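Report on one structure; see the data block that follows.
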Amino acid sequence: MTQLTLLCLPYSGASAMVYSRWRRKLPEWLKLQPVELPGRGARFGEPLHTDMRRLALQLAQEQKATLKAPYALFGHSLGALLACEMAHAFRSLGCPEPVALFASGTAAPTMRADYDQGFADPKTDAELIEQLRTLNGTSEEVLANEELMSLTLPILRADFLLCGRFTPIQRPRLKCPVHVLGGKADRATTEQLIGWSKETHGSFSVDMLAGGHFFIHEHEAKVLRVIKDQLDVHHRRHAMAATA
Numbered sequence: 002m003t004q005l006t007l008l009c010l011p012y013s014g015a016s017a018m019v020y021s022r023w024r025r026k027l028p029e030w031l032k033l034q035p036v037e038l039p040g041r042g043a044r045f046g047e048p049l050h051t052d053m054r055r056l057a058l059q060l061a062q063e064q065k066a067t068l069k070a071p072y073a074l075f076g077h078s079l080g081a082l083l084a085c086e087m088a089h090a091f092r093s094l095g096c097p098e099p100v101a102l103f104a105s106g107t108a109a110p111t112m113r114a115d116y117d118q119g120f121a122d123p124k125t126d127a128e129l130i131e132q133l134r135t136l137n138g139t140s141e142e143v144l145a146n147e148e149l150m151s152l153t154l155p156i157l158r159a160d161f162l163l164c165g166r167f168t169p170i171q172r173p174r175l176k177c178p179v180h181v182l183g184g185k186a187d188r189a190t191t192e193q194l195i196g197w198s199k200e201t202h203g204s205f206s207v208d209m210l211a212g213g214h215f216f217i218h219e220h221e222a223k224v225l226r227v228i229k230d231q232l233d234v235h236h237r238r239h240a241m242a243a244t245a
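Residue numbers (our numbering): 2 to 245.
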């Protein structure tokens with residue numbers, strides 16, 4: 002069976018393991034591969050990054066050794082920006098582009114002036130906790146756990162700097178399809194989501210789901226259905242080419 006690899010990039014403050022439960026819910030032909038970032042999870046002892054392109058290149062170099070085409074990239078929030086940068090990094094390393102890029106829950110790279118306002122400077126612990134509270138993805142019990150927050154906040158601070166210090170650059174567009182997912186109650190505007198269309202010469206789509214910033218967990222089944230439906234055509238195409 003021709004397998005298609007789905008590289009998944011986590012959102013701010015998270016480990017790649019937030020995607021681990023997806024393994025049980027995806028078809029056999031779709032191989033889930035969460036990409037762990039330095040400074041968290043199994044890579045907790047490694048230094049955190051605050052430069053998006055440097056991090057994307059490092060991750061692409063690490064993945065290149067074992068990555069087999071075809072593959073797709075999925076990222077939510079910070080992970081969406083990182084996935085896009087990894088697509089460009091793979092291309093710079095001589096690898097084929099992904100068959101698709103899924104950008105979830107964030108403004109396009111060229112439309113972040115308002116979206117990331119105030120994120121270019123390090124935030125205090127209190128500011129970070131308040132930011133978590135506004136995103137409605139962390140319980141008050143967890144926010145009040147000082148030991149847990151002492152581990153989480155440095156990661157979150159670095160991740161916010163990754164986004165806040167990111168600036169778009171002029172370069173050839175990607176050629177792969179770009180599929181955007183947005184939450185109807187999230188803060189990314191329709192215009193900011195549609196702005197992702199500027200990142201590719203390929204096809205483009207937007208799917209709006211109910212829910213706020215963490216709609217990928219609130220409506221997991223629908224998110225996975227979008228991913229599966231969009232990648233099914235690529236899986237069939239590569240399977241036919243393999244048997245031709």
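Cβ atoms here follow ideal geometry from the backbone N, Cα and C, with glycine treated the same way.
Only a predicted model underlies this, so the values are computations on that prediction, with no experimental measurement involved.
(1) Hey, out of 114, 173 and 207, whose CA is closest to residue 248's CA?
(2) What do you reckon, are the CB atoms on residue 51 and residue 82 nearer than 8 angstroms?
(3) What is the rounded straight-line gap between the Cα of residue 221 and the Cα of residue 119?
(4) Give a yes or no on contact between the stretch 69 to 78 and the stretch 147 to 159, applying the rule of three or more CB pairs nearer than 8 angstroms.
(5) Leaving out five residues before and five after residue 24 in sequence, what residues of the same chain have Cβ atoms less than 8 angstroms from its Cβ?
(6) So which of 166, 65, 109 and 39 has the shortest CA-CA distance to residue 201?
(7) Which whole-angstrom value describes the C-beta separation of residue 48 and residue 40, a residue pair presumed to lie in contact below a C-beta threshold of 8 angstroms?
(8) To the nearest angstrom, how far is the alpha carbon of residue 226 from that of residue 126?
(9) Determine the direct distance from the alpha carbon of residue 121 to that of residue 141, and round the result to whole angstroms.
(10) Pull up the CB-CB distance for residue 53 and residue 86, whole angstroms please, since I reckon it's below 8 angstroms.
(11) Using only CA atoms, which one of 240, 243, 216 and 204 lies nearest to residue 102?
(12) Give the straight-line distance between the Cα atoms of residue 195 and residue 166, rounded to the nearest whole angstrom.
(13) Which same chain residues, not among the five before or five after residue 61, have their C-beta less than 7 angstroms away from its C-beta?
(14) Going by DSSP, which residues form a beta bridge with residue 1?
(15) Determine whether the beta carbon atoms of residue 236 and residue 30 lie at a separation below 8 angstroms.
(16) Find out if the Cβ-Cβ distance for the pair residue 9, residue 17 is shorter than 8 angstroms.
(17) Taking the straight line between their C-alpha atoms, what separation do you get for residue 158 and residue 208?
(18) Let me check one thing: in DSSP terms, what residues is residue 72 bridge-paired to?
According to the structure shown:
(1) No statement about residue 248 is possible, as the shown extent of the chain runs from 2 to 245 and does not include it.
(2) No, Cβ-Cβ distance for residue 51 and residue 82 is not below 8 angstroms.
(3) 30 angstroms
(4) No contact exists between the stretch 69 to 78 and the stretch 147 to 159.
(5) Excluding residues within five positions, the ones whose Cβ falls inside 8 angstroms are 33.
(6) 109
(7) 6 angstroms
(8) Residue 226 and residue 126: Cα-Cα distance of roughly 37 angstroms.
(9) 26 angstroms
(10) 6 angstroms
(11) 204
(12) 22 angstroms
(13) Result list for residue 61: 87, 90, 91 and 94, in chain order.
(14) Only positions 2 to 245 of the chain appear in this structure, which leaves residue 1 out of reach.
(15) yes
(16) yes
(17) 30 angstroms
(18) Residue pairing of residue 72 in beta bridges, as defined by DSSP: 6.
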